[in-house]
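For the working numbering, add 1 to where a residue sits in the sequence shown, where the first one is 1. A short write-up of the structure that comes next.
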Amino acid sequence: MRWGRQFRSCIPRHPAFALGLLAMLLVDSPRGASAQSETDPLITNGPQALTLRVPPLQTVNEEEVLRVTVQVEGAQGATRIFVDGLPPGAQWDEAARTLTFRPDFIQGGWRHEVRFTAQDSRATAQTQMTIAVRDTVRPPEPRILQSEELPGTLRLTLEQPTDAWLDSPGYAGRTFAAVVSVPLAASAGYPMPVTVRLHGVGNWPPPTQVSPDRFVIEPSDPNLTYWWGYSESLPRSQTLAGAVPPYTARRVLALLEWVLRSYPGADPERVFVEGDSMGGAGALALGLLESRHFAGVFARHAQPVARAHRPWRLAQLSSLWGMPEEEVPDADGIGVWSRLDLTRALRDESGARSQFLFLEHGKDDPIIHFGSVVGPSSLTGDSFYGMLQSQHIGHVAVWDEGGHVEADPWLGPRWWTRGWNPRSDAQTLLRRDLAFPAFSRSTWDGNPGTAGNGRQPWRNDSGYAGDPKVAGDTGWDGDVAGMLNRSLRWDTLQLVDTHGRFVLPLRAVIGPGVTDSPMVDVTPRRMQRFRCLPGERIRWTFGTASGTVTAASDGSITVPRLRLGADWVPLVLERT
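Here it is, written out as structure tokens:
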């Protein structure tokens, strides 16, 4: 993007930033500088002895790292430093008093006002710092080829040209098709959510649909890269000659940036990514590995472990990524097959652990068989379902005896969707800037099983899948159909998230004839202000129950074995 265009696009979305943006343009440094700081004058807290010293302005290029260490003077005793207004993707290490931020290529042109608050035993000091992200990575914008007005919707057909950032040097300059649906009622005063919809193999172009209540972005992946990327050496030489950048994922993010900048009615805090089959795998990969941009992931029939694909799919992807055992690195130096083992992402990446996932699989799916979520990863030794529980990830998972495209022969299609959708529910909802509870180890969870039950032999392509048209013939053990966390709710409208206190009401949806209530572990995710130090002791109450828990190494808090009833009960966290 060009600065002039960014300045105009920011006005309707952030009118209060207009003068600040103009000031940034006037002091903008030469393009070659990767990070600049202005250290005079320092903002202090007047006559108080407790003082925070932070440079008032930090400028950083896209795809480069900014680190800022906060200096504290005059503190007496234990001192806490809290940070508000972090840019998406930024990390605050309170123990080291260091902020780290590597903006990606769609975060340029924005300014973020970051506020610091220091508290010791007798005083409080506050200051703030502006982080300005320079737009230094500028891929070409999409071009509108056709505009069609439908009921409540403007449907745009686009072509997306590539350069050496969105494509390998040997392919750069070609174009890809895309469709964007714009709800006509959306505006800056009435923003609407955004859905990035990723297609499966053979499912392009998408059918024409109206979308009066949300933006829908539909990119294309004709080369079947599973929405990730391919060797930078293609097509000129063999795959192993170069790294494997996420070219396809970049194209998707570039389309998202174009929509958010072009339409003030597109809500950046309610961006969701969804897909089925190849699209489901892509939704998981983007939603977990690029979690800073997404409020939630909805994936159907998704393979979360790239190495676990069927033999012929492994061969096809190896022509793009190199063989799994060769581990050709991606742009950041990690082997692409390990990068796309999403059990590793849940284990190793804090951003992935902050994501919310809605998963759907079929036990008689012969294409993405059920072992994709219950079988162990050769890299981490744990299954995807297992990692959701052990890492306390926010999730709802459902499975039945359906196939890849066939509905369950007894329950019918999408039997689990009735009554609640966290994308649109007025009370239990998801936003990128609001906390939610990750439920794990619920006593109401179904049993997905892990192996065979003797009804079907093992097949490398289809696992223990039976005939999706025949009820009861699946070869997988465990419950034929079941759910994880489907009936557990939180009240976003009553959320309290401050430096000293966190409150979130919880309950279970207890249907007619149900006599028990679930016990569950609860881990608040995406807390904006109530951030904890590793090892910090936190006091909790839930109705008549109470206790203390210790923050994990990543600062997360898990309150074990809460019993949820039909009525709302607030979970309260406070510092000891």
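Where a beta carbon is used, it is the ideal one built from N, C-alpha and C, also for glycine.
Listed as beta-bridge partners of M130 by DSSP are V115. Cβ-Cβ separation between V375 and S384: approximately 5 Å, consistent with a contact (criterion under 8 Å). Judged by beta-carbon spacing, P247 lies beyond the 8 Å limit of D136, meaning their Cβ atoms are not closer than that value.
Between T128 and F117 a beta carbon distance of about 5 Å is seen, short of the 8 Å cut, so the two are scored as contacting. The C-alpha of P305 lies about 26 Å from the C-alpha of S425.
H294 carries a helical assignment under DSSP once its states are collapsed to helix, strand and coil.
The beta-carbon separation of D121 and A179, rounded to 53 Å, does not stay under the 8 Å limit for a contact.
In the DSSP annotation of this structure, the continuous segment of the beta strand (DSSP E) that includes E160 starts and ends at 154-162.
Here I145 is exposed. Its C-beta has fewer than 16 other C-beta atoms within 10 Å.
In this structure, DSSP gives A466 a state outside helix and strand, which the three-state scheme calls coil. In the DSSP annotation of this structure, the continuous segment of the alpha helix (DSSP H) that includes M388 starts and ends at 385-391. K470 sits exposed, since fewer than 16 C-beta atoms from the chains shown fall within 10 Å of its C-beta. The Cβ atoms of L496 and L435 lie closer than 8 Å to each other. Secondary structure note for E219: it is in no alpha helix (DSSP H), and the uninterrupted beta strand (DSSP E) holding it is 216-220. Taking a contact as a CB-CB distance under 8 Å, the pair I218 and V195 counts as one, their CB atoms being some 7 Å apart. If you compare the alpha carbons of T176, L185, T125, T131 with that of L151, the shortest gap goes to L185. Comparing alpha carbon positions, the residue from N486, V406, R237, G382 closest to L360 is N486. Annotation for P571: no alpha helix (DSSP H) segment contains it, though the beta strand (DSSP E) segment containing it runs 570-576. In terms of CA proximity to H370, R311 leads the group R311, H393, A509. For S232, the secondary structure class from DSSP, reduced to helix, strand or coil, is coil. Counting only runs of 4+ residues, the alpha helix (DSSP H) found wholly inside the segment 341-383 occupies 343-349, 351-354, 372-375, in chain order. Within a 10 Å sphere around the beta-carbon of N62 sit 16 or more other beta-carbons, which makes this residue buried. By the beta-carbon neighbour count (other beta carbons within 10 angstroms, threshold 16), Q108 is buried. Excluding its 5 nearest sequence neighbours in each direction, E328 has C-beta neighbours in its own chain below 8 Å: G336, V337, W338, S339, listed in chain order. Out of G90, W111, A296, S319, the CA that lies nearest to the CA of S232 is found in S319. Taking the CA atoms as reference points, Q210 sits about 14 Å from S148. In the displayed model, P525 falls within a strand according to three-state DSSP.
P162 and L199 have their C-alpha atoms spaced approximately 18 Å apart. Annotated three-state conformation of P312 is helix, per DSSP.
Distance from the Cα of S355 is smallest, within the candidate group V245, T52, H294, G548, for H294.
As computed with DSSP, P513 is found in no beta bridge at all. Residue environment for A307: buried (at least 16 other C-beta atoms within 10 angstroms of its C-beta). Residue environment: E402 is assigned as buried (16 or more neighbouring CB atoms within 10 Å of its CB, all protein chains considered).
Beta-bridge pairing by DSSP links R103 to no other residue.
Using a 10 angstroms sphere on the CB of Q392, the tally of other CB atoms reaches 16 or more, which defines it as buried. Between the alpha carbons of L574 and W313 lies a gap of roughly 50 Å.
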